[in-house]
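Visitor: Shown below is the structure under consideration.
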Amino acid sequence: ELYLFLTNMTAIEYIRNGMKRVRKKESSFILASQNIEDFLLPEIKEFTKPLFSIPAHHFLFNPGNISPTAFIDTLQLEESEYSLIKYPERGTCLYRCGNERYLLQVIAPAYKVALFGSAGGR
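For what it's worth, the working numbering labels the leading residue of the sequence shown as 466, then goes sequentially.
Put into structure tokens, the structure is as follows:
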């Protein structure tokens with residue numbers, strides 16, 4: 466539940482510093498959120514927005530009900546990139562790595578589908 470850490474400036478600074486340092490140590494820092502709006506609260510936006518420019522790899526799924534302008538601005542997307550994921554479609558995501566872009570269809574093997582069920586993992 467990453468959003469719980471985003472109300473603590475020390476935690477935000479720790480996340481940012483960790484993300485910058487792991488690249489030099491051939492390590493990874495995985496940051497995942499279902500709601501980008503958690504990062505865009507007025508009191509923390511200037512500290513959390515840079516977190517999206519640090520990672521080399523982005524898997525971007527449908528943004529949900531967030532303003533398209535806020536989503537595009539925060540993640541520095543092109544309109545054409547946003548148009549690929551603006552409608553919800555199970556398993557479809559935009560993968561960004563450097564200057565390369567790929568539209569991916571994520572398909573879970575049958576044994577994993579059985580683990581997650583059909584109700585969002587419940």
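C-beta: ideal position from N, C-alpha, C; glycine also. This one's a predicted model, so the numbers in the text were calculated from it and none came from an experiment.
Across which residues does DSSP place Q570 in a beta bridge pair?
Guide: T557
Visitor: Can you tell me whether L542 is helix, strand or coil according to DSSP?
Guide: coil
Visitor: Mapping DSSP to helix, strand and coil, what is F524?
Guide: strand
Visitor: Sort out for me which residues DSSP pairs E565 with in a bridge.
Guide: C562
Visitor: Which term fits T534, buried or exposed, when burial requires 16 or more other beta carbons within 10 angstroms of its beta carbon?
Guide: Exposed, by the Cβ-count rule.
Visitor: Can you check whether the CB of V571 is closer than 8 Å to the CB of G556?
Guide: yes
Visitor: Output yes or no for whether 8 Å exceeds the beta carbon distance between I550 and L540.
Guide: no
Visitor: So R486 is in the alpha helix (DSSP H); what residue range does that whole segment cover?
Guide: Segment 474 to 487, the alpha helix (DSSP H) holding R486.
Visitor: Classify P507 as helix, strand or coil using the three-state DSSP reduction.
Guide: Coil at P507, not helix or strand.
Visitor: Using the C-alpha atoms, what's the distance from T513 back to S492?
Guide: 21 Å
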